[in-house]
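Q: In the working numbering, the protein residues as written are -3 to 226.
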């Protein structure tokens, strides 16, 4: 097994006050994969930037204590030049123009599909364009107490069960049963963590954020095919 350390994930600051939108966006961003720090207000975002540095900002245009454009101007004034994307459900062309004038490099329209969000993030996060390995040996060994033989045995069982899990997910998705899809993904993501199925784990996380998203379902199929072929 390859024991080389995994590359550091890009760090992203998500600013979103709506709990449902925040959960979706955070899950989808984490599945890129990326490390996500969430702030629900200008004050929380400003504090987060004071404590840490980020590779990318993803700011809501309208927040309880101000506007995303005001937050970005304040951070720019403090010498923080991190690339920033805005997201909004508003169609107002004037708002979009103001956001771009404030320094955002792109304005994303909500609701967003996972694939569209990932494409936007990859445009501005070069580090995220390098895919993770199919198998993360270091993670599997850490999860299973450093027993390489145990890892190999569990991976064999995991691969034997994988086609049936895929069939159950596909059947539930065909019935638009997002509850059943989520239940299968909950079991699958835990298994991925134990055996170090890194790339499939990322695809599972993306689908958990949007269980019936066609692009996320295709990405899951591709990741499963890759493991079964290998």
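Note that the Cβ used here is the ideal one computed from N, Cα and C, for glycine as well.
Across which residues does DSSP place residue 58 in a beta bridge pair?
A: Residue numbering aside, residue 58 sits at position 62 when the chain shown is read from its first letter. DSSP, once it has assigned bridges, lists 63 as partnering residue 58.
Q: Say whether the segment 99 to 114 touches the segment 82 to 91, bearing in mind that this needs 3 or more beta-carbon pairs closer than 8 Å, one atom from each stretch.
A: With the cut-off at 8 Å, the segment 99 to 114 and the segment 82 to 91 touch.
Q: State the Cα-Cα distance for the pair residue 223 and residue 67, rounded to the nearest angstrom.
A: Here residue 223 corresponds to residue number 227 of the chain shown, with the count starting at 1. Here residue 67 corresponds to residue number 71 of the chain shown, with the count starting at 1. Each residue's Cα considered, the two are about 43 Å apart.
Q: Leaving out the 5 sequence neighbours to the left and right, which residues in its chain are closer than 7 Å to residue 41 when beta-carbon positions are compared?
A: In the chain shown, the residue the question calls residue 41 occupies position 45. Here the set comprises 9, 11, 35, 67.
Q: DSSP three-state label for residue 190, please.
A: Within the chain shown, numbered from 1, the residue matching residue 190 stands at position 194. Helix at residue 190.
Q: Please report the distance separating the alpha-carbon of residue 214 from that of residue 147.
A: Looking up residue 214 in the chain shown gives position 218. Looking up residue 147 in the chain shown gives position 151. Distance between the alpha carbons of residue 214 and residue 147 is about 27 Å.
Q: Output needed for residue 22: all residues of its chain with C-beta closer than 7 Å, excluding positions within five of it in sequence on either side, in chain order.
A: Stepping through the chain shown from its first residue, residue 22 is reached at position 26. Counting only Cβ-Cβ distances below 7 Å, and skipping sequence neighbours, we find 10, 32, 34.
Q: In the DSSP assignment, find the beta strand (DSSP E) that holds residue 31 and state where it starts and stops.
A: Residue 31 sits at position 35 when you count from the first residue of the chain shown. Here the beta strand (DSSP E) through residue 31 covers 31 to 35.
Q: According to DSSP, simplified to helix, strand and coil, what is residue 50?
A: What you label residue 50 is simply residue 54 of the chain shown in a count that begins at 1. Residue 50: coil per DSSP, three-state reduction.
Q: If we ignore side chains and look at the alpha-carbon of each, how far apart do residue 187 and residue 174 end up?
A: Position 191 of the chain shown holds residue 187. Position 178 of the chain shown holds residue 174. Rounded to whole angstroms, residue 187 to residue 174 spans 20 Å at the Cα level.
Q: Which stretch, first to last residue, makes up the alpha helix (DSSP H) that contains residue 157?
A: Taking the first residue of the chain shown as position 1, residue 157 is located at position 161. Run containing residue 157: 144 to 170, per the alpha helix (DSSP H) assignment.
Q: If you draw a straight line from the alpha carbon of residue 87 to that of residue 17, how long is it in whole angstroms?
A: By 1-based counting over the chain shown, the position of residue 87 is 91. By 1-based counting over the chain shown, the position of residue 17 is 21. Distance between the alpha carbons of residue 87 and residue 17 is about 17 Å.
Q: Rounded to a whole number of angstroms, what is the C-alpha to C-alpha distance between residue 1 and residue 109?
A: Here residue 1 is taken as the residue at index 5 of the chain shown, counted from 1. Here residue 109 is taken as the residue at index 113 of the chain shown, counted from 1. Summary for residue 1: the model assigns pLDDT 49, below 50, so the residue's position carries little reliability; its value from the coordinates is reported in the next sentence. Roughly 31 Å between the two C-alpha positions.
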